[in-house]
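S.K.:
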Amino acid sequence: MPKYTGKNLETAIENGLKDLNINRENAEIKIIQKPSNGFLGLFKKDAIIEMKVVKQQVKTLKPTKKTVTTEVSQKASKQPETTAEARFERNFAVVKKLAKYLQDVLDEMGINATLEVDMPNNKRVYIDCQTDKEGLLIGKHGRTINALQQLCEFYLNNHGVNYVEVVLDTANYRERRRKILIDLATRSARDVEATGQPVHLDSMPAFERKQIHLALENFDDVLTYSVGNEPNREVVIGPR
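Residue numbers (the UniProt record's numbering): 1 to 240.
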């Protein structure tokens with residue numbers, strides 16, 4: 001289970017929530033060490049916690065099809081409108097505008113793409129880009145597609161749609177990348193178990209660091225934590 005530190009418990013918890021990219025209600029928190037001011041400023045101790053993601057069942061809305069200029073499909077409920085469903089409709093209206101905005105950005109980049117958008121709930125939006133210029137869209141080490149994904153989240157935030165994760169994909173890149181990260185995490189953990197020395201991984205975005213943390217949360221002999229500041233924040237795998 002990943003460990004996080006802070007000058008007080010609240011700061012440590014905030015660091016964990018930010019690193020795992022989750023809300024507080026989706027976190028299981030264990031206090032390892034409470035903060036202490038020590039004696040006359042000596043022997044001061046930071047707060048240390050362990051945190052992991054609590055997997056929750058999400059009710060998926062029954063799908064219906066709606067078509068917009070970028071071939072967007074919507075999963076919408078056939079039940080009587082509730083507050084959550086009304087919010088879903090409002091959010092999806094913004095997502096359709098996002099699709100048009102992203103299409104314009106890709107056109108400016110010289111990438112001719114068809115966008116397929118799936119919004120299964122109020123927490124996540126999937127955008128699949130079908131193009132013959134996959135390499136240009138992904139970029140070196142995934143930097144271009146990650147930057148565009150972050151741009152999409154900024155767009156939603158600026159239009160009043162908050163706490164929604166955007167997954168931008170092309171040619172199944174995200175799944176291929178997930179398998180690479182899990183393999184990297186596992187091999188690095190074995191190295192730590194064999195040598196007793198921590199391993200620093202290359203810096204990566206928050207959603208990929210989260211995949212590393214989750215991949216190793218059940219390893220008894222190693223722990224994971226993140227160090228540094230964005231965009232150079234990295235995962236450290238160390239002995240427990």
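Idealized CB from N, CA, C, for every residue including glycine. Here the structure is a predicted model, which is why all the values come from computation and not from measurement.
In the DSSP assignment, the alpha helix (DSSP H) including VAL95 goes from what residue to what residue?
M.R.: Sequence index remark: in the sequence shown, residue 95 carries index 95 (1-based). Run containing VAL95: 83-108, per the alpha helix (DSSP H) assignment.
S.K.: Comparing alpha-carbon positions, which option in VAL125, GLY139 and ASN122 lies nearest ILE111?
M.R.: Indexing the sequence shown from 1 puts residue 111 at position 111. It is GLY139 whose Cα lies nearest to the Cα of ILE111.
S.K.: By how many angstroms is the C-alpha of ILE182 removed from the C-alpha of GLU193?
M.R.: On the sequence shown, residue 193 is found 193 positions in, with the first residue counted as 1. On the sequence shown, residue 182 is found 182 positions in, with the first residue counted as 1. One C-alpha to the other measures close to 16 Å.
S.K.: Would you say the stretch 162-182 touches the stretch 118-134, given that touching needs at least three Cβ pairs under 8 Å?
M.R.: yes
S.K.: So for ASP19, helix, strand or coil by DSSP?
M.R.: The residue you call residue 19 lines up with position 19 of the sequence shown. ASP19 falls in the helix class under three-state DSSP.
S.K.: Rounded to whole angstroms, what is the Cα-Cα separation between ASP19 and HIS159?
M.R.: Residue numbering aside, residue 19 sits at position 19 when the sequence shown is read from its first letter. Residue numbering aside, residue 159 sits at position 159 when the sequence shown is read from its first letter. Rounded to the nearest angstrom, the two C-alpha atoms are 24 Å apart.
S.K.: Report the start-end ranges of each alpha helix (DSSP H) in the UniProt domain "R3H" (175-240) that is 4 residues or longer and not cut off at the edges.
M.R.: 206-215
S.K.: CA-CA distance, PHE207 and ARG190?
M.R.: Numbered from its first residue, the sequence shown carries residue 207 at position 207. Numbered from its first residue, the sequence shown carries residue 190 at position 190. So the two alpha carbons sit approximately 23 Å from each other.
S.K.: Identify whether TYR173 lies in helix, strand or coil by the three-state DSSP scheme.
M.R.: Taking the first residue of the sequence shown as 1, we reach residue 173 at position 173. In the structure shown, TYR173 sits in a helix (DSSP, three-state: H, G or I).
S.K.: Let's see if you can read the secondary structure: which residues bound the beta strand (DSSP E) around TYR163?
M.R.: The residue labelled residue 163 in the question sits at position 163 within the sequence shown. Counting along the chain, TYR163 sits inside no beta strand (DSSP E), nor does DSSP assign it H or E at all.
S.K.: So what does DSSP say about LYS140, is it helix, strand or coil?
M.R.: In the sequence shown, residue 140 corresponds to position 140, counting from 1. Here LYS140 sits in helix by DSSP.
S.K.: Does the distance from the CB of GLU50 to the CB of MET109 come in under 8 Å?
M.R.: Translated into the one-based positions of the sequence shown, residue 50 becomes position 50. Translated into the one-based positions of the sequence shown, residue 109 becomes position 109. No, Cβ-Cβ distance for GLU50 and MET109 is not below 8 Å.
S.K.: Cα separation between ARG90 and ILE13?
M.R.: One-based indexing of the sequence shown puts residue 90 at position 90. One-based indexing of the sequence shown puts residue 13 at position 13. A direct Cα-to-Cα measurement between ARG90 and ILE13 gives close to 31 Å.
S.K.: Can you give the beta carbon distance from VAL125 to VAL105, rounded, assuming they're within the 8 Å contact cut?
M.R.: Here residue 125 refers to the residue found at position 125 when the sequence shown is read from its first residue. Here residue 105 refers to the residue found at position 105 when the sequence shown is read from its first residue. In fact, because the Cβ distance is near 16 Å, the residues do not count as touching under 8 Å.
S.K.: Who are LEU115's beta bridge partners in DSSP?
M.R.: Indexing the sequence shown from 1 puts residue 115 at position 115. Paired residues: CYS129.
S.K.: Please tell me whether PRO35 and ALA27 are closer than 8 Å, where the distance is taken between their beta carbons.
M.R.: Counted from its first residue, the sequence shown places residue 35 at position 35. Counted from its first residue, the sequence shown places residue 27 at position 27. No, the Cβ-Cβ distance between PRO35 and ALA27 is not below 8 Å.
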